[in-house]
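Taking it in order: structure first as structure tokens, then the write-up.
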Amino acid sequence: MQRLLPALVLALVCHVLFLRLRLPSGPDSPPRIPAVREVTVSLVRAAPERETGPAAVKIAAPAVIKKPEKVVKPPVKRPEPMKHPEPVKPLRPKAADERKKVIPEPVKKEIASRSAEARSLRRQEKQKTEARKSVSGTGAGADLAAQKSAAGVVRRAEPAYDLNPAPEYPRLARRRGWQGTVLLAVEVKEDGTVGAVSVRTGSSYPLLDEAALEAVEKWRFIPGTKDGLSVAMEVLVPVHFVLQRAP
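The sequence shown runs 61 to 307 under this note's numbering.
See below:
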């Protein structure tokens, strides 16, 4: 503060002189002495600055430098030798009662159809055997009748296979694999036409039996003869329905 006081006084004097020089003075009037403005300057003694001791410098403790930790590398696992897979042992089939496997409906039908076919084949063999016996019996009876007859020979009626169309195999029966033999009793008239037809032994499939009846009713026969004359007689005609696989 003591250093600024002379500077303030000097500045004040300079302002007073400057103002005085700028004021105009009239020609007739005597020069006036400008009144000196009173400037009260109060000096205030500045409070002595407190001497502050040297600032306490805090010395930071040196930071502890941590040593870098050693990076422990994980042990490298060596690849194990490849093991050859053990051969898989086939599972033993379980008993039928333990499996309790549900057979789907189409498979059931197929199994039933196959079993029916097997029964039909056995029945066909039996029918063929019976037919042979009956034919042989009829032939034996005819021979006996011929021997008893004074005039001569009886010839049985036969289908004219070259003129007769084969029975039509029903489409449904082919699709389902139905097979069988139908043994028909046919009454042959003197002119070789069919008088009546009946099923002597069926094939277990009504569809096949009906197809055989419809076909044989339209057939032509070589009429049977007795003593050289055409006579009506009954004969047995087997009709076979067999599916053949394409080569």
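Just so it is clear, CB atoms sit at the ideal spot from N, CA and C, and this is done for glycine as well.
Just so it is clear, the structure is predicted and the values come from calculations on it, not from any experiment.
C-beta contact flag for residue i and residue j at 8 angstroms
| i | j | result |
| --- | --- | --- |
| residue 255 | residue 292 | yes |
| residue 241 | residue 298 | yes |
| residue 265 | residue 245 | no |
| residue 219 | residue 271 | no |
| residue 239 | residue 302 | yes |
| residue 257 | residue 277 | yes |
Residues bridged to residue i [DSSP beta-bridge criterion]
| i | result |
| --- | --- |
| residue 300 | 241 |
| residue 289 | 286 |
| residue 294 | 247 |
| residue 281 | 219 |
Simplified DSSP assignment, three categories, for residue i
| i | result |
| --- | --- |
| residue 215 | strand |
| residue 274 | helix |
| residue 256 | strand |
| residue 70 | helix |
Heavy atom of the ligand HEM within 7 angstroms of residue i beta-carbon
| i | result |
| --- | --- |
| residue 300 | For the structure depicted, the ligand HEM is absent and the ligand set is empty, with no information on it obtainable. |
Supposed contact pair residue j and residue i - C-beta distance, whole angstroms, cut 8 angstroms
| i | j | result |
| --- | --- | --- |
| residue 243 | residue 260 | 5 angstroms |
| residue 217 | residue 281 | 5 angstroms |
| residue 290 | residue 250 | 4 angstroms |
| residue 285 | residue 236 | So it is not a contact: roughly 43 angstroms between Cβ atoms. |
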